[in-house]
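The next block holds one structure in the form of structure tokens; read it before the comments.
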Amino acid sequence: MRIGYARVSTTEQDPDYQLKALEASGCERLFIDRCSSRKKHRPHREAAFEYLRRGDSLVVWKFDRLARSTTEMLALAELLSERGCELVSLTEQIDTASAHGKAVFAVLAAMAQFERDLISERTKESYRAKKAKGQTWGRPSAFKDPEAVSTAKALLADGSLTKPQIAAQLGICVSTLYRWFPGGDPNAFDGTYQRRKAA
């Protein structure tokens, strides 16, 4: 059985061109999501995966309708393979049931791994370069700015906002707020925290 999955980014967009192509390819059941590719939770994509049975094929108009990256697409294809299902893209003309489709996915998987290895190596090189210069790793703390410290002290002293609200306003997490202001006390600012962390 061929199961079709379509996605448009907004509720205003019309998925009709995808649905017609999926129906013309022989899909007997269609699932449609109306959401941005940035959203990890796609209820109808999840429903389509739940509906699939061994021997079925999940058909999409184009791979970017199914996943936002090559890595995500490969992970979904692997999940389908483990369940005995195939993945078909009408636009790319790839079907994992065919030898050609399997070869294409093998190349994509190799390229994705190569990209991950490059990113990892660049990250390590950057870390080594910073360490050699005596620089700390990671994003600079908001509290290296005296103005941010003054704002935090004022908000904590005012008491009209909760600690999570203050942290959100400063663009930090609550644990960071408490590390710099032990106990959430505006007068307990620990200016040595960053130096201790670097040491």
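200 is the number that this note's numbering gives to position 11 of the sequence shown; each next residue is one higher, with no gaps. Note that the Cβ used here is the ideal one computed from N, Cα and C, for glycine as well.
DSSP state of residue i mapped onto helix, strand, coil
| i | result |
| --- | --- |
| Ala-298 | helix |
| Ser-339 | helix |
| Leu-344 | helix |
| Ala-388 | Confidence at Ala-388 is low in this model, with a pLDDT of 45, below 50, so the placement of that residue is unreliable and no value is reported for it. |
| Pro-375 | coil |
| Ser-202 | What sits at residue 202 in the sequence shown is Gln, not Ser. If DSSP states are grouped into helix, strand and coil, Gln-202 belongs with coil. |
| Ser-309 | helix |
| Ala-286 | coil |
| Arg-243 | coil |
| Arg-227 | coil |
| Ile-355 | helix |
| Lys-322 | coil |
| Ser-214 | coil |
Endpoints, beta strand (DSSP E) assigned at residue i
| i | result |
| --- | --- |
| Ala-195 | 191 to 197 |
| Arg-223 | 218 to 223 |
| Leu-268 | Run containing Leu-268: none in the beta strand (DSSP E); it sits in the alpha helix (DSSP H), 259 to 271. |
| Leu-247 | 246 to 249 |
Boundaries of the alpha helix (DSSP H) in which residue i is found, first to last residue
| i | result |
| --- | --- |
| Arg-368 | 363 to 369 |
| Ser-349 | It is not in any alpha helix (DSSP H) - Ser-349 carries neither H nor E in the DSSP assignment. |
| Thr-281 | According to the sequence displayed, residue 281 carries Glu and not Thr. Neither: Glu-281 is in no alpha helix (DSSP H) and is coded neither H nor E. |
| His-233 | 232 to 240 |
| Asp-253 | 252 to 255 |
Contact with chain C by residue i, beta-carbon distance below 9 Å
| i | result |
| --- | --- |
| Asp-203 | Annotation note: the requested chain C is absent from the structure, which comprises a single protein chain. |
Cβ separation of residue i and residue j, assumed to be a contact under 8 Å, to the nearest whole Å
| i | j | result |
| --- | --- | --- |
| Gly-373 | Leu-344 | Not really, about 10 Å apart at Cβ, beyond 8 Å. |
| Arg-191 | Ser-214 | 7 Å |
| Leu-268 | Phe-294 | Leu-268 to Phe-294, Cβ: 13 Å. No contact. |
| Val-248 | Gly-193 | 5 Å |
| Val-363 | Lys-352 | 6 Å |
| Ala-286 | Ser-246 | 7 Å |
| Ala-195 | Pro-204 | 5 Å |
| Ala-377 | Ile-355 | Not really, about 14 Å apart at Cβ, beyond 8 Å. |
- request: Say whether the segment 272 to 282 touches the segment 229 to 245, bearing in mind that this needs 3 or more beta-carbon pairs closer than 8 Å, one atom from each stretch.
  value: yes
query: On the three-pair Cβ rule with 8 Å, is the segment 256 to 266 touching the segment 208 to 222?
result: no
- prompt: Given 8 Å as the limit, is there contact between the segment 279 to 297 and the segment 247 to 254, that is, 3 or more CB pairs closer than that?
  reply: yes
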